[in-house]
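Contents: one structure, followed by commentary.
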Amino acid sequence: MKILVAVKRVIDYNVKVRVKADGSGVETSNVKMSMNPFDEIAVEEALRLKEAGTAEEIVAVSMGIDRCQETIRTALAMGADRGILVQTEEELEPLAVAKLLKALVERESPGLVIVGKQAIDGDHSETGQMLAAILGWPQGTFASKLEFETDSVNVTREVDGGLEIVKLKLPAVITTDLRLNEPRFASLPNIMKAKKKPMETLTPAELGVDVTPRVTVVEVVEPPKRKAGIRVESVQALVEKLRNEAKVI
Amino acid sequence: MTVSNDDEALILASIDRFLERDVAPHAHALEASDTYPRDIVEQMKELGLFGATIDPEYGGLGLSAVTYAKIVERVSAVWMSVSGIFNSHLIMAAAVQRFGSEAQKRHYLPRFARGELRGGIALTEPDCGTDLQAIRTRAVRDGDAYVVNGSKTWISNSIEGQILAVLVKTDPQAQPPRRGMSLLLIEKGPGFEVSRKLEKIGYKGIDSGELTFDDCRVPVDNLIGEEEGRGLNQILAGLELGRINVAARGVGIARACLDESVAYAQVRKTFGKPICEHQSIQIKLAEMATRLEASRLLTEAAARAYDEGRRCDMEAGMAKLFATETAIHNSIEAMRIHGAYGYSKEFNIERYYRDAPLLAIGEGTNEMQRIIIARQLVERNPA
Ligand SMILES: Cc1cc2nc3c(=O)[nH]c(=O)nc-3n(C[C@H](O)[C@H](O)[C@H](O)COP(=O)(O)OP(=O)(O)OC[C@H]3O[C@@H](n4cnc5c(N)ncnc54)[C@H](O)[C@@H]3O)c2cc1C
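Chain order of the listed sequences is R and L.
Going letter by letter, the first sequence gives residues 408 to 656 in my numbering.
Going letter by letter, the second sequence gives residues 2 to 384 in my numbering.
Shown next, in the form of structure tokens:
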């Protein structure tokens, strides 16, 4: 089986994000960028499936500017076999990404696509679902465990109030949740070896996909600053304020 | 020996992950109990750190001094002891790589790179450190072996490691004495004893041992370079990279002290405002940051010169001197900024404060650095 994993370049999770002065978005210049943490989990799961003999080849895909190659290289250094960059300067919305992935699925014919449940920048949590829909494939979202059978996979999903297990016929789309695995980091020798792994660059036009944005961002603003707290004299006063001012009880 | 910027970014990202996941959460407990960080060492093997500067031909990564210094800086900013586990190991490896015979390189370097055989360098003796020509450990040729007698002290990695490059006298009568000094690779075995583990104020977790050689037989094949009388030069040749490495440790500690101070000064309030708005704290922060930046630039410049094969003995010495003094300065200032929390065993500052002074002693004391810098100044600028 071949596995396609999607990896997105996002602002590193340790960075304190700042909004641009003109409110058009967040500051990304001179900011540390890394692979979306949920995508690391996707790569890790693919690697484990390869190590277990369930998969033979792992193709890591990223979409966006030239620098997204770094993210693909991280996936290659972790152990993916080859990379594909769909290069574009356009701001990509989930639907565009899903369409590009669909085009790649048609070229590559993987048995499984694994993507993160969401990217920590846009927090859309839409791409995997849209991809499954336009491919007409089954989807196992928010996966915390995968168990393979001959031509199906049992996906444990984290849902409100417990765990749900769904059985999907392959090929299928999986989106990863935090507890699926703990991703490895690339060893230094593997980083050096990753240079020799193949990386292909395509454009949306070559894949026949129109990625023109359909959503207009009106404004991006900083979350409101927390106001200083107050000290109340008694429990009664506290209850009174919680009930009448905060209206939470 | 070139690493592209892309590779460097990936390498540093992996190092950061390793530090965040495997080192930072454990540093405090391991250091408090002076426990050798075995699990961390296993991770370091997997990461490939033990082969960082070893030639790829012999199984290493062949990283540049610039990249290596950045790794050392990052590691030291989290826990300096961890850097010691691969630093002196790689100085030993560098001596083999530069001066060893092809057979020695093939035999040892791949195992050094994998971290299967780990060690360091044994120069210092109970009654001499700076003045290495005064060492008394003796190696006498007997057939196809040397018989080694003597003692060494303060040797990093000597208890947990399996092998050391040991500076010995093969001809105690030689004049000047350096002509009678040689470097032997000695593996643990009969006659090589660790007499005790030394207790110290900081740099905990990593083993500092006192060693005794008692009729220890070492195959002549283990003489680095297969020729006697070159040991001191072989060690001195490694000093430039050694100083760059210690300078990078200084940068790491100095940065950790600054980062924690900048964060703390914004949340700690006195007299109605964060202490970063009091001028005397501002002066401290500005001074710490400026010295840190200067240290980093000196270290990078020396590392770049080293990578380009330019002369950098004085430059590496200046970087070592300034960056390590900055580490000490910043640790004291960080303690003042943190007040009682700086003095508390529950936070990191007191550890930086205990670790930093070692940097002024090891790899050539800072007194000696000044002397060497002045001598080189005169030598390079004859009247
Ligand atoms: C934690 C730790 C780890 C170590 N690890 C190792 C190791 O792995 N391998 C190893 O071989 N050694 C190691 N050492 C030893 C270290 O390298 C020596 O301590 C160092 O070289 C200084 O030598 P010394 O302690 O004998 O001081 P001394 O040489 O006795 O110096 C004492 C003082 O006199 C000053 N001084 C000496 N000569 C002069 C001079 N000509 N002019 C002006 N001032 C002078 C010095 O600067 C110092 O201030 C370690 C030490 C420590 C504390």
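No residue lacks a Cβ here, since even glycine has one placed at the ideal position from N, Cα and C.
Checklist line | Residues of its chain near Val450 of chain R, where Cβ-Cβ distance is below 7 angstroms and the 5 sequence neighbours each way are ignored | finding: Val412, Val414, Ala467, Ala482, Met485, Ala487 and Pro590
Next item on the list: May I ask you to list the residues that DSSP assigns as paired with Phe555 of chain R?
Entry: R:Val560
Check: Quick one: what's Ala550 of chain R bridged to in DSSP?
Finding: R:Arg564 and R:Thr583
Next item on the list: Compare the Cα-Cα distances from Ala25 of chain L to each of L:Arg197, L:Ala302, L:Ala78 and L:Glu9 and report the closest residue.
Entry: L:Ala78
Item checked: Short CB-CB distance (under 8 angstroms) between Thr563 of chain R and chain L -> So, not an interface residue.
Checklist line | C-beta neighbour in chain L for Met697 of chain R, strict 8 angstroms | finding: Nothing can be reported for residue 697 of chain R: it is not among the residues displayed for chain R, which extend from 408 to 656.
Margin query: So if DSSP puts Met81 of chain L in a beta bridge, which residue, or which two residues, is it bridged to?
Written below: According to DSSP, which records beta bridges pairwise, Met81 of chain L is partnered with nothing at all.
Next item on the list: Quick one: using the 10 Å Cβ neighbour count with 16 as the cut-off for buried, is Asn349 of chain L buried or exposed?
Entry: buried
Check: If you drop the 5 nearest sequence neighbours on each side, which residues of the same chain put their C-beta closer than 8 angstroms to that of Glu334 of chain L?
Finding: Cys258, Ser262, Lys285, Glu288 and Met289
Next item on the list: Return helix, strand or coil for Met2 of chain L, following the three-state DSSP convention.
Entry: Confidence at Met2 of chain L is low in this model, with a pLDDT of 42, below 50, so its placement is unreliable and no value can be given for it.
Next item on the list: Pick helix, strand or coil for Arg142 of chain L, following the three-state DSSP scheme.
Entry: strand
Item checked: Proximity test, Gly130 of chain L beta-carbon vs ligand 1 heavy atom, cut-off 7 angstroms -> Under cutoff, so the answer is yes.
Next item on the list: Examine the Cβ distances between the segment 470-478 of chain R and the segment 426-434 of chain R and report whether three or more of them are shorter than 8 angstroms.
Entry: no
Next item on the list: Return the bridge partner residues of Asn331 of chain L from the DSSP annotation.
Entry: Per DSSP, none; premise fails for Asn331 of chain L.
Margin query: Considering just the uninterrupted stretch of the beta strand (DSSP E) at Gln494 of chain R, what are its terminal residues?
Written below: First-last of the beta strand (DSSP E) with Gln494 of chain R: Arg489 to Gln494.
Checklist line | Distance, Arg337 of chain L Cα to Gly273 of chain L Cα | finding: 19 angstroms
Note to self: Below 8 angstroms on C-beta distance, what does Leu133 of chain L contact in chain R?
What the structure shows: By Cβ distance, chain R contributes nothing, its closest Cβ being about 33 angstroms from Leu133 of chain L, past 8 angstroms.
Notebook entry, point to check: Heavy atom of ligand 3 less than 7 angstroms from the Cβ of Lys189 of chain L, yes or no?
Noted result: No copy of ligand 3 appears in this structure; the ligands present are ligand 1.
Notebook entry, point to check: Going by the CB atoms, is the gap between Asn561 of chain R and Glu571 of chain R shorter than 8 angstroms?
Noted result: no
Margin query: Using only CA atoms, which one of L:Lys321, L:Ala328 and L:Asp23 lies nearest to Ile373 of chain L?
Written below: The shortest C-alpha separation from Ile373 of chain L is found at L:Lys321.
Margin query: Threshold first: 4 residues or longer. Then list the alpha helix (DSSP H) segments lying entirely within the segment 216-298 of chain L, N to C.
Written below: 232-238 and 240-268
Note to self: Please state the DSSP three-state secondary structure of Thr213 of chain L.
What the structure shows: strand
Check: Could you give the uninterrupted runs of the beta strand (DSSP E) lying entirely in the segment 433-458 of chain R, keeping only those of 3 residues or more?
Finding: 440-442
Checklist line | CB contact below 8 angstroms: Ser262 of chain L versus chain R | finding: Cβ-Cβ to chain R under 8 angstroms: no for Ser262 of chain L.
Notebook entry, point to check: According to the neighbour-count rule (16 or more other Cβ atoms, all chains shown, within 10 Å of its Cβ), is Tyr204 of chain L buried or exposed?
Noted result: By the neighbour-count definition (other C-beta atoms within 10 Å, threshold 16), Tyr204 of chain L is a buried residue.
Item checked: Alpha-carbon to alpha-carbon, Glu74 of chain L and Val422 of chain R -> 20 angstroms
Check: Between Pro631 of chain R and chain C, is there a C-beta pair that is closer than 8 angstroms?
Finding: As a matter of chain content, chain C is missing from the structure shown, whose protein chains are R and L.
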